Amino acid sequence: MKTAKLCWGQRYMWLRFHQLPPAHRHETHVVLRLGVHEGITLANCRATLTYLARRHEALRTTFHLDGDGDPYQKVDPPGPVRAIEVTTERDGTPSPAEVVEDLSSRPFDLESEWPIRACVITTGGVPKQMVVVLNHLAVDVWTIGELKRELRMQRAGFAGRRPAAIQPVRHQPADLARYEASAEAAVTAARAVAHWENEIAQLPYDLFAARRTRPAGPPARHATLISPALLPASRELAATHRAWPSLIHLTAYTATMAAYTGGDTVGHLSFVGNRDAHPFGDVLTCMFSPTLVRVDCSGDPTFGELLARVSAAFTLAREHAYLPYDEVVELLSREGSRRAHPVRLASEFNFIKQASREYKGTRTAFTSNPVPESWAHTGTDTYVRVDEWKDAVAVSLHAASSVMDGDAVERFLRGFEAVLLAARDDGLRLSEAARLAGFTPPEGETPGCGGARPYLGTSDADPAAEQDLAEIVRQVNGLRKTDLTRSYTLAGGRALRIPRVLAELGAQGWTGLDVCQLAGPTPLRALARRLVPLSTQDRNRLGVVTS
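Take any residue in the sequence shown, count from 1 to its spot, add 455: that is its number in the numbering used here.
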């Protein structure tokens, strides 16, 4: 049976998946709803999915924590993809909505379950729609587009009673993993790590230091602004400045974020596909990763001047985006230890073009969405996603309530729109962004100037907790001994193995830690203070053996 290490692009999602509590891991799911051609049978639908998994090993791969080293992926032999039939008729069986909710919200068991689930919705036995649920470890945006294209070709082939002419698969994820273990890839990674190390050293320790509070309300907020006016405005600016529309939106984001935080530096993570960084760009798997874009916003630049800085920063970041993300996590941990304070890099920006989607409205619409309970567990401060539709631009903002309340979320989105629309006058300066958004000046400290509460101290913990944590960290990472006065990373722990450390702690009856906490600069002895014994009920449920 074929096995391989995790590909570099899977590692960000691997850590994110395990950061989430099991009940919230559907945050890493991708749900596709696909129409069915007339004349397609239920058997055709199932054959389509099975053929897809036969072609692409990513869809019949499981992911494992066990073994002596890093986590790995294992490819199963080809086999049928189970596709549940669910009818729209009231016959006493679960409704389509109930089945889709179960498929999309139930967490994947990565060690035993393929990262694909499906159902076929029928009326009178005739298929009307296929719903496919994928785990993000197996796919990214490019992969999803390719899977949709192949599914369309197969369905058209069945409808026309002719075979679909699909190109053979040249490379699989295991081929990419082998390349990433090569000396050539090691040189690329080393160059990228050196760049990241330099950039991280110049970040403020907390972008939101002047705004961060202890919220009393929901853990996070989520809102969306859809603006028809943003589409022509961004394209006009792109033509004027000879830049990609995505960079126009990234500049508006940077200006709005600088206005809100009050700092001279805005650092965030932008998502990059990395498909042109190596010879295996045609592999269907999760290949994207976040890259650090650090922008100097000092000197009250005009929008055009800020755009030039953003463009240069993004170009530099993209050149160094291809590396194992777990090494970035370790760099942040070491920098936090050097400063004796965590360095937060927890704001994300994503631009996605969806030319087939339409708004069909003429006015800007703002919508407050339900509390993003699952996203709130990711450890992220903000996530801004810009979707360019056929006739509008949709800007979505997730924000932890510790950095933005509901009013700030709305002001940020409306400010984003106002800044971009006003930017057509090239005289617009960064100082005017706060006025356009209606932000009040920050009352806290200036980001990066110190004074905030440092990481947890090192007072006494339960001796049993210390002993178990030290031994598990030692065993999982193959260390001679564990120095509890140092952070997990400085003690020799590898970020990619944190999920196994947490699993072993659970097996010993401990809870209370997550991926982000172990990945930070807090000394292990202080982390042991957070460990609490599982309740008897949880021990029985999880099968923990009590010595």
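We put the beta carbon where it would ideally sit given N, CA and C, even for glycine.
Here the structure is a predicted model, which means the values were calculated and not measured.
| Item | Value |
| --- | --- |
| For the alpha helix (DSSP H) containing T706, list its first residue and its last residue. | P700 to T716 |
| Might you give, ordered along the chain, the residues of its own chain that have their beta carbon closer than 6 Å to the beta carbon of P670, omitting 5 neighbours on each side? | S856 and S857 |
| Mark G906 as exposed unless 16 or more other C-beta atoms lie within 10 angstroms of its C-beta, in which case mark it buried. | Low local confidence applies: a pLDDT of 44 at G906 is under 50, so the model's placement there is unreliable, with the coordinate-based value given in what follows. The residue is exposed, with fewer than 16 neighbouring Cβ atoms inside 10 Å. |
| Buried or exposed: P734, going by 16 or more other Cβ atoms within 10 Å of its Cβ? | exposed |
| V841: buried (16+ other C-beta within 10 angstroms of its C-beta) or exposed? | buried |
| Note down, in chain order, each residue of its chain lying with its Cβ closer than 6 Å to the Cβ of G893, except the 5 sequence neighbours on either side. | R866 |
| Considering only their Cβ atoms, is the gap separating L685 from P803 smaller than 8 Å? | Looking at the sequence shown, residue 803 is not Pro but Glu. Contact: no. |
| Under the rule that 16 or more other beta-carbon atoms within 10 Å means buried, what is P535, buried or exposed? | exposed |
| Name the residue from H853, L924 and L945 whose alpha carbon lies nearest to the alpha carbon of A962. | L924 |
| Would the segment 772-783 count as touching the segment 638-654 if we require 3 or more Cβ pairs under 8 Å? | yes |
| Please work out which residues of its chain come closer than 6 Å, Cβ to Cβ, to F518, disregarding the five sequence neighbours upstream and downstream, and give them in chain order. | Q528 and L565 |
| So, for R666: in the same chain, excluding its five sequence neighbours on each side, which residues have a beta-carbon less than 6 Å away from its beta-carbon? | V858 and P897 |
| P687 by DSSP, collapsed to three states: which one? | helix |
| Could you say which of R625, H796 and A849 lies nearest to R812 if we only look at CA atoms? | A849 |
| Closest by CA to E484, which one among D521, G580, K583 and V588? | The sequence as given places His at residue 484; Glu does not occur at that position. Minimum Cα distance to H484 is reached at V588. |
| From which residue to which residue does the alpha helix (DSSP H) around Y838 run? | First-last for Y838: T837 to E843, but that is the beta strand (DSSP E), not the alpha helix (DSSP H). |
| Near N805, what residues of its chain come up, given a Cβ to Cβ distance below 8 Å and the 5 sequence neighbours on each side ignored? | S725, F726, Y838, V839, R840 and V841 |
| Kindly indicate which residue of E887, C462 and L747 has the alpha-carbon position closest to the one of A593. | C462 |
| With respect to the alpha helix (DSSP H) encompassing L852, which residues constitute its N-terminal and C-terminal limits? | Note, L852: premise wrong, no alpha helix (DSSP H); beta strand (DSSP E) at V848 to A855. |
| Can you check whether the CB of T716 is closer than 8 Å to the CB of F663? | yes |
| Measuring only the C-alpha atoms, how far is S788 from Q922? | 23 Å |
| Pick helix, strand or coil for K815, following the three-state DSSP scheme. | coil |
| Output the boundary residues of the beta strand (DSSP E) element that contains Y780. | First-last for Y780: Y780 to R794, but that is the alpha helix (DSSP H), not the beta strand (DSSP E). |
| Whole angstroms is fine: what's the gap from I571's alpha carbon to R625's? | 21 Å |
| Which complete alpha helix (DSSP H) runs does the segment 746-780 hold, if anything under 4 residues is left out? | 758-774 |
| Can you tell which of K936, R764 and P687 has the C-alpha that lies nearest to the C-alpha of T817? | P687 |
| Contact defined as beta carbons within less than 8 Å: I believe V928 pairs with A950. What is the distance between those atoms, to the nearest angstrom? | Not quite, the Cβ-Cβ distance comes to about 12 Å (not below 8 Å), so this is no contact. |
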